[in-house]
Amino acid sequence: MSPQVKKIAEEIFERKRASRHEAARLPIEEKLRILVGLQRRANEIRRATGRPEMFVWQLD
Amino acid sequence: MEKTIQILNDLEKSGLVDRYAIGGALAALFYAEAVVTEDLDAFILMKQPANGLLSLTPIYDYLKARGAIERREHLVLAGTLVQLIPAYDALTEEAVRQAIERLVGQTTTRVMRVEHLIAIALKTGRTKDSARVAMLLDEAEVDSNALTEILNRHQLTDKWNQFKTSKS
């Protein structure tokens with residue numbers, strides 16, 4: 061693999077890592093909102109693939 | 003979610019359980035990025051009753067009187083799917099006893115320390131637990147001395163070494 065391509069890939073992975081760390085530092089209330097969004101999206105996939113749906117939390 | 007926590011706090015105040023702490027994927031959410039999970043694992047230290055027979059029934063009855071609905075092995079508690087798990091070994095008992103207070107909105111709850119979450123996930127050892135260990139090590143502020151002590155105390159050093167070897 062060309063060193064240039066490898067460098068580009070490394071930069072992408074580093075940005076993804078930084079983004080994960082940023083997401084880890086969000087307030088818990090924001091993470092809970094993200095979690096409910098993930099539960100809804102997971103259900104879209106589950107419905108499309110005929111799997112039982114996940115319980116979606118109702119936040120206060 | 004705050005209402006769910008308030009009910010768990012009330013459960014503890016009622017004296018039906020000695021103490022509770024959030025564990026599992028939801029506890030990991032306090033330390034790392036959000037990942038999907040369906041339920042809130044509430045680990046409880048159960049009181050030893052006078053007749054010696056431990057049962058979740060009085061706890062379920064208490065929660066159902068406060069609007070909880072049974073759904074398979076879970077309870078729907080104020081819109082959140084909750085799994086009550088009695089602390090089942092020395093590690094989970096220690097994790098509940100040493101859990102730390104955290105705020106969700108205006109409500110205080112108790113969450114297992116990240117080092118205990120890592121140790122429990124290592125001990126449980128499913129694929130998703132290994133992924134959780136990797137995520138917490140990457141994203142959370144882990145006290146490596148505390149983690150080492152926990153792993154030694156609960157004979158998890160071999161599992162830890164296996165995990166490190168698998169990731170290297």
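Listed in order, the protein sequences are those of chains A and B. Under the numbering used here, think of the first position of the first sequence as 61, with each following residue one higher. Under the numbering used here, think of the first position of the second sequence as 3, with each following residue one higher. Ideal Cβ placement from N, Cα and C applies to all residues, glycine included.
Just to make sure I have the definition right: I need the residues of chain A whose C-beta is within less than 8 Å of the C-beta of B/E40. Which are they? What B/E40 touches in chain A: Q99, M114, F115.
Is the beta carbon of B/I71 less than 7 Å from the beta carbon of B/A121? no
When burial is assigned at 16 or more other CB atoms within 10 Å of the CB, is B/F165 buried or exposed? buried
Out of curiosity, what's the CA-to-CA distance linking A/L86 and B/E35? 8 Å
Run through the DSSP bridge pairs and tell me what A/E82 is partnered with. None; A/E82 has no bridge partner.
Tell me which residues of the region 69-88 of chain B have at least one Cβ-Cβ distance to chain A shorter than 9 Å, keeping chain order. R73, H76, V78, A80, G81, T82, L83
Identity of the residues DSSP links to B/R74 by a beta bridge: According to DSSP, B/R74 bridges with nothing at all.
Return the residues of the region 69-102 of chain A that lie within a Cβ-Cβ distance of less than 7 Å from chain B, sorted by chain order. Answer in chain order: R80, H81, A83, A84, I88, E89, K91, L92, I94, L95, L98, Q99, A102.
Alpha carbon to alpha carbon, how far is A/T109 from B/Q100? Give it in angstroms, no decimals. 42 Å
Please name the residue, chosen from B/L139, B/P51, B/H118, that lies closest to B/N154 on a Cα-to-Cα basis. Ranking the options by Cα distance to B/N154, first place goes to B/H118.
Hey, how far is the Cα of A/K91 from the Cα of B/A92? Rounded to the nearest whole angstrom, the C-alpha separation of A/K91 and B/A92 is 30 Å.
Nearest-angstrom beta carbon gap, B/Y64 and B/S16 [assumed within contact, 8 Å]: Yes, B/S16 and B/Y64 are in contact; Cβ-Cβ is about 6 Å, under 8 Å.
Using the beta-carbon of each residue, which ones in chain A are nearer than 8 Å to B/E103? Under the 8 Å cutoff, chain A gives no residues; its nearest Cβ is about 13 Å from B/E103.
Beta-ladder partner(s) of B/Q85, from DSSP: B/D43
Would B/V84 and B/F32 qualify as a contact pair, given that the criterion is a beta-carbon distance under 7 Å? Here B/V84 is not near B/F32, since their CB atoms are 7 Å or more apart.
Go through the region 12-64 of chain B residue by residue and report every complete run of the alpha helix (DSSP H) that reaches 4 residues or more, in order. 26-31
Proximity to B/D43 [Cα-Cα], best of B/R68, B/V135, B/L138, B/T6: B/T6
Could you say which of B/L79, B/T129, B/G54, B/V38 lies nearest to B/L13 if we only look at CA atoms? Ranking B/L79, B/T129, B/G54, B/V38 by Cα distance to B/L13 puts B/L79 first.
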